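Engineer:
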Amino acid sequence: MAQQYAPNSQSTPKQSSIRPHRFRWRVADIAVASVIGVASALIYWLIALVSAAPWPILEAIIPGLGGLFNGFWLFAGPLALVIVRKPGAGVYAEVVAAVLESLWGSQWVPVETFLIGLLQGAMAEAAFLIYAYRKWNLGTTVLSGVLSGIGCWLYSFFTHLQAINLVGPYGVFYVIATIISGAVIAGALVWYLYLAIAKTGALDHFESGRIARAAAGAKVV
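One gets my numbering by counting positions in the sequence shown from 1 and adding 25 to each.
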């Protein structure tokens with residue numbers, strides 16, 4: 026009988042010693058979240074240049090339709106979260122991206138860029154916080170992109186940064202377009218980007234990478 030209970034008695038101390046460290050940041054976590062922030066800043070800056078021409082075209086078709094581009098400024102938080110899987114990863118990556126984008130010459134005031142990044146990162150975190158940072162899948166990532174999009178819109182609405190009026194058709198179409206963009210670009214595309222990166226083995230030092238690789242191997246078998 027003693028041998029039957031031995032595994033449980035051995036596993037309990039091990040589990041209790043692991044749990045306090047589940048949310049502790051490692052150097053690798055900081056490094057990867059920083060890389061995501063830097064790369065996102067460059068992409069954000071480029072998107073601002075590229076979207077300058079087509080944005081007015083979309084607005085001419087349906088006022089507020091330009092919000093479809095907003096997802097390209099939202100993916101840093103969800104991507105950092107789904108890879109690093111530590112509280113604060115989304116806020117950290119978005120703030121790094123916002124600060125660097127403003128330093129490189131953002132079209133927005135630096136303080137506004139920082140605040141938008143902070144709010145978007147916090148909203149991206151909320152999707153995973155709801156599940157105590159234990160549920161990592163496509164649905165939660167899409168929700169993270171959606172909430173990040175709502176954060177982007179909220180800042181614009183309450184500060185009148187883009188003169189958005191919710192009661193008018195422009196405001197309604199803008200928030201819908203932003204949510205769709207967040208769900209698709211900062212949600213679904215981010216999830217599949219993470220899986221693609223994990224398949225290369227680049228994330229093998231992360232639990233997220235090992236899980237994705239194991240799942241891919243199981244499907245192949």
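Yeah, the Cβ is synthetic: ideal placement off N, Cα and C, and Gly gets one too.
Keep in mind the model is a prediction, meaning the values are calculated, not measured.
Report the residue from Leu83, Ile108, Ala101, Gly196 whose alpha carbon sits nearest the alpha carbon of Ala227.
Structural biologist: Checked all of Leu83, Ile108, Ala101, Gly196; the closest Cα to Ala227 is Ile108.
Engineer: Could you check what DSSP says for Phe198 in three-state terms: helix, strand or coil?
Structural biologist: Three-state DSSP puts Phe198 in a helix.
Engineer: Measuring CA to CA, which of Leu163, Asn95, Ile210 is closest to Leu179?
Structural biologist: Asn95
Engineer: Would you list, in sequence order, the uninterrupted alpha helix (DSSP H) runs of no fewer than 4 residues that lie entirely inside the stretch 57 to 112?
Structural biologist: 79 to 86, 101 to 109
Engineer: With DSSP run on the structure shown, which of helix, strand or coil describes Ile210?
Structural biologist: helix
Engineer: Near Asn33, what residues of its chain come up, given a Cβ to Cβ distance below 6 Å and the 5 sequence neighbours on each side ignored?
Structural biologist: Model confidence at Asn33 stands at a pLDDT of 42, short of 50, so the residue's coordinates are unreliable; what they give is reported in the following sentence. Excluding positions up to five away in sequence, the list is empty.
Engineer: Helix, strand or coil for Asp54, going by three-state DSSP, please let me know.
Structural biologist: Helix, per DSSP.
Engineer: Take Tyr199 as the anchor and find which of Ile61, Leu143, Ile175 has the nearest alpha-carbon.
Structural biologist: Ile175
Engineer: Please check the pair Ala147 and Val167, which I expect to be a contact at CB under 8 Å, by giving their CB distance rounded to whole angstroms.
Structural biologist: 18 Å between Cβ atoms; not a contact.
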